[in-house]
Amino acid sequence: MFKRSLWLWWLLLVALWLLATAADRAWLQADQQLPAWDQADYLNSAIDHGRALGLLRGGGWPGWQGLLDLSPKIPPLASLVSGTVMAAAGESVDGASWALSLWHGLLLLVIALWGRQLLSPGFGLLAAALVALAPALSSLRVDFTLDMPLTASCSLALWLLWRWQRPEHGGRWGQALAAAAAMAAALLIKQSALLVLALPALWSFGQAQGQPGRRWQAWAALAVVLALLLPWLQHNWITTLGGTERAVVSSGAAEGDPGSLDPRSLIWYPRLWSQQLGAASLGAGLAGLALLGWQQRGHWRQRWPDGWAWLLGVAISGWLCTSLSPNKDERYIAPVLPLLALLLARGWWALGQWIAQRRSGRWAGGALALGLLSAGGIEAQASWSQLNREPPSSVVAAIQSLRARVGEAPTTLLISGSSPDLNEHSLTLLGRQQGGQILVRRLGRNPGEQDLALEQGEWWLLASGDQGTTRPSARALSRAVRRDGRYERVQIWSWTKGRQLELWRRKPGLAAPSCFQQRFITLARGLEQGPRGLQPVFAAIGPWHLLDPRFSYQSDVSQWAEAQLRRNPSDRDALWSLALLAVLQNRPLQADHWFARLEQLEGPGHWPSAYRSVVQLAGWRSCGAARVADTKTRDPVAASVLLGLRDLSRSLCFDPRGPLALSSSLPAAVQAVSEELKQP
Numbered sequence: 002m003f004k005r006s007l008w009l010w011w012l013l014l015v016a017l018w019l020l021a022t023a024a025d026r027a028w029l030q031a032d033q034q035l036p037a038w039d040q041a042d043y044l045n046s047a048i049d050h051g052r053a054l055g056l057l058r059g060g061g062w063p064g065w066q067g068l069l070d071l072s073p074k075i076p077p078l079a080s081l082v083s084g085t086v087m088a089a090a091g092e093s094v095d096g097a098s099w100a101l102s103l104w105h106g107l108l109l110l111v112i113a114l115w116g117r118q119l120l121s122p123g124f125g126l127l128a129a130a131l132v133a134l135a136p137a138l139s140s141l142r143v144d145f146t147l148d149m150p151l152t153a154s155c156s157l158a159l160w161l162l163w164r165w166q167r168p169e170h171g172g173r174w175g176q177a178l179a180a181a182a183a184m185a186a187a188l189l190i191k192q193s194a195l196l197v198l199a200l201p202a203l204w205s206f207g208q209a210q211g212q213p214g215r216r217w218q219a220w221a222a223l224a225v226v227l228a229l230l231l232p233w234l235q236h237n238w239i240t241t242l243g244g245t246e247r248a249v250v251s252s253g254a255a256e257g258d259p260g261s262l263d264p265r266s267l268i269w270y271p272r273l274w275s276q277q278l279g280a281a282s283l284g285a286g287l288a289g290l291a292l293l294g295w296q297q298r299g300h301w302r303q304r305w306p307d308g309w310a311w312l313l314g315v316a317i318s319g320w321l322c323t324s325l326s327p328n329k330d331e332r333y334i335a336p337v338l339p340l341l342a343l344l345l346a347r348g349w350w351a352l353g354q355w356i357a358q359r360r361s362g363r364w365a366g367g368a369l370a371l372g373l374l375s376a377g378g379i380e381a382q383a384s385w386s387q388l389n390r391e392p393p394s395s396v397v398a399a400i401q402s403l404r405a406r407v408g409e410a411p412t413t414l415l416i417s418g419s420s421p422d423l424n425e426h427s428l429t430l431l432g433r434q435q436g437g438q439i440l441v442r443r444l445g446r447n448p449g450e451q452d453l454a455l456e457q458g459e460w461w462l463l464a465s466g467d468q469g470t471t472r473p474s475a476r477a478l479s480r481a482v483r484r485d486g487r488y489e490r491v492q493i494w495s496w497t498k499g500r501q502l503e504l505w506r507r508k509p510g511l512a513a514p515s516c517f518q519q520r521f522i523t524l525a526r527g528l529e530q531g532p533r534g535l536q537p538v539f540a541a542i543g544p545w546h547l548l549d550p551r552f553s554y555q556s557d558v559s560q561w562a563e564a565q566l567r568r569n570p571s572d573r574d575a576l577w578s579l580a581l582l583a584v585l586q587n588r589p590l591q592a593d594h595w596f597a598r599l600e601q602l603e604g605p606g607h608w609p610s611a612y613r614s615v616v617q618l619a620g621w622r623s624c625g626a627a628r629v630a631d632t633k634t635r636d637p638v639a640a641s642v643l644l645g646l647r648d649l650s651r652s653l654c655f656d657p658r659g660p661l662a663l664s665s666s667l668p669a670a671v672q673a674v675s676e677e678l679k680q681p
């Protein structure tokens with residue numbers, strides 16, 4: 002039927018997407034839950050990128066480097082798409098979720114076309130229906146995370162990669178470049194795409210090297226991936242590595258997830274598949290696969306139909322690599338679920354063929370339709386049971402009250418607690434929607450922040466009772482604000498579980514709190530002492546950036562320093578201040594310029610040379626970093642550090658002298674810095 006009526010096939014596929022989207026919109030309309038930490042963080046990122054593109058009110062084009070600054074740990078593609086969608090659909094959670102609907106449409110399209118090429122047009126629609134009905138994937142359509150974009154983009158990349166690497170009908174330049182663009186897109190959504198794409202890509206690349214016609218296509222595809230990925234990665238590689246370590250290694254250990262070598266890792270995700278894919282879908286699919294295996298008994302040595310070995314291989318490799326990751330969550334296996342749905346659809350199709358052989362095609366179609374309806378009913382009942390129908394949280398009213406008081410003036414609201422609806426990410430989202438300029442920051446996580454917070458704070462949102470934190474310093478800070486005579490309570494709201502929310506502000510007429518500019522200049526000058534000067538800098542910068550999340554002090558310091566240099570080009574206070582500003586702003590080329598000016602004043606072999614070598618390494622200029630560090634000095638600590646930096650830079654510059662000496666010089670440099678930091 003579909004072979005004769007291609008338009009009917011497309012009509013049914015669009016209808017499937019429309020039905021799923023209508024169900025999602027109804028769910029979002031009924032749900033009253035505020036976005037929690039991760040969801041609000043991704044929504045804030047979407048607003049950032051929408052404003053940077055000039056599509057949303059409250060921002061403007063910050064330049065190319067400024068755009069890359071907005072995604073220090075997670076790649077920007079999903080946020081760019083979501084910010085664009087929000088410009089048309091609105092900045093509310095429901096409006097932003099239209100981006101998820103578009104990603105879901107892409108996923109259905111890919112799976113339907115993939116299934117169509119594997120077996121038949123009807124099979125493609127069946128596979129797409131199983132994907133739409135999978136409980137785990139349907140929940141991602143209304144949960145604003147990166148998992149739906151990641152799943153859709155990984156599926157697209159694997160399908161296009163299969164089309165290119167096929168022995169027959171593959172090996173075309175357009176197929177290679179399309180697969181490369183799709184892989185780059187997946188990696189620009191989230192780095193964890195590597196878990197699903199790395200092994201299939203390496204396999205395809207290796208296979209192509211033995212085929213002269215495809216070898217250059219493979220290298221060109223690699224060049225495309227690197228060209229699209231490297232601008233973001235080069236700009237943010239340090240924060241990306243640090244964020245990945247915390248999100249994967251440290252988080253997994255803190256949550257007690259089984260490690261990579263723990264045998265429990267291999268069953269961690271399969272035990273969830275009944276819930277994630279649906280018991281009915283999984284049961285019928287496995288039964289059909291068992292039937293298919295029985296029918297094919299004695300023929301296993303025959304060559305599999307085109308594409309099925311690839312599908313099974315990428316599903317296994319994706320599951321295995323995801324299982325070996327130290328940090329585990331039920332969402333992280335999402336890119337593998339459409340692959341499993343395709344395999345299960347083969348079982349459903351086998352059952353339908355078996356029924357058709359014994360009854361008729363109508364019986365088979367009716368049975369498949371009844372099975373899909375049953376699976377859909379079970380999934381819908383489970384989804385609606387998770388709805389939060391309670392009235393909106395009082396947190397919304399609190400932020401609305403603050404916005405009414407401050408308008409669109411840049412405002413920082415401080416909190417000390419942390420709970421799903423009272424956290425810095427969710428409150429910042431509420432404060433920034435529709436052009437708002439309220440940023441929320443949480444203090445009290447570290448002892449010693451109390452005096453600075455009380456001195457500098459302007460607005461506070463406090464809660465009575467349990468605030469979601471067990472830190473004594475956070476509870477002490479909350480009590481200190483209430484007792485401090487510089488603050489007054491302006492409004493109270495009833496919250497949950499008998500608790501209250503309280504909005505506090507600094508009393509009008511009080512003297513303005515002290516500025517950070519002069520302290521920053523002093524701290525920057527302390528860098529000339531080497532490692533001993535670093536510790537005070539970062540101990541002071543961290544809390545201050547919470548109190549001043551827009552970093553307004555930086556423009557004042559920059560203007561002062563530039564004015565000083567116009568009067569005296571050798572002003573060391575100004576040069577050290579500009580160098581530290583460039584480091585904090587992730588501008589390694591600018592930092593190198595200012596450290597080079599200081600190096601001219603101090604002479605080679607002093608701490609400006611060490612700092613200059615470090616920022617050149619950060620800017621991927623390892624050969625230049627090696628030349629800068631290759632100098633002599635009388636300071637034993639500086640000499641040890643420069644020697645370690647020289648050998649590390651030479652190693653990254655592919656200088657054979659580097660690796661030979663690095664094993665001894667780098668530990669010595671680390672030891673010297675550690676001993677220096679211990680000095681009072």
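According to the numbering used here, the sequence shown is numbered sequentially starting from 2.
Backbone N, C-alpha and C define an ideal beta-carbon position, used for all residues, glycine too.
Do you know offhand how far residue i's Cα is from residue j's?
i	j	result
R568	W561	11 Å
Q565	S650	34 Å
L352	S156	26 Å
S559	G620	22 Å
W183	L110	Inspection of the sequence shows that residue 183 is occupied by Ala rather than by Trp. Their Cα atoms are separated by approximately 14 Å.
W274	A477	45 Å
R433	A158	35 Å
Q192	L234	10 Å
H607	D636	8 Å
W160	D656	41 Å
G96	L502	28 Å
L1	A133	Since the first and last residues shown for the chain are 2 and 681, residue 1 lies out of range.
Q210	A219	8 Å
V396	L103	30 Å
For residue i and residue j, which I take to be in contact (beta-carbon distance under 8 Å), what is that distance rounded to the nearest angstrom?
i	j	result
W461	W505	4 Å
A597	A342	The pair is not a contact, with the Cβ atoms about 57 Å apart (cut-off 8 Å).
A47	P63	Actually they are not in contact, since the Cβ atoms of A47 and P63 sit about 16 Å apart, beyond 8 Å.
L599	P609	4 Å
Taking the alpha helix (DSSP H) that residue i belongs to, which residues open and close that run?
i	result
T22	7–31
I75	Segment: none, I75 is in no alpha helix (DSSP H) and carries neither H nor E.
R567	553–568
W274	274–278
Y333	Element bounds for Y333: n/a, residue is neither H nor E.
L178	174–188
H607	Counting along the chain, H607 falls outside any alpha helix (DSSP H), and DSSP gives it neither H nor E.
F596	589–603
H170	Unbroken run through H170: none, as it is neither H nor E.
Can residue i and residue j be called in contact, C-beta distance under 8 Å?
i	j	result
M87	L108	no
P327	G260	yes
A357	L423	no
W165	A186	no
A113	G125	yes
N237	L415	no
W577	L528	yes
Of the choices the options, whose alpha-carbon is the least far from that of residue i?
i	options	result
Q118	D307, R442, I400	D307
Q438	V143, Q451, R551, A626	R551
G625	F124, V638, A611	A611
L78	T146, G436, L440, P589	T146
A130	W355, G279, R272	G279
A541	V396, T412, L340, A525	A525
S675	V642, N45, P514	V642
L14	H105, V82, A97	H105
T523	L582, L661, E246	L582
L283	S652, H426, A128, W269	A128
G690	Q519, A27, V225	As shown, the chain starts at 2 and ends at 681. That puts residue 690 outside it, with no answer to give.
L440	G510, L547, W349	L547
A202	S318, V143, M149	S318
How is the beta strand (DSSP E) around residue i delimited, first residue to last?
i	result
Y488	488–495
Q501	501–507
I416	412–416
A464	460–464
L440	439–443
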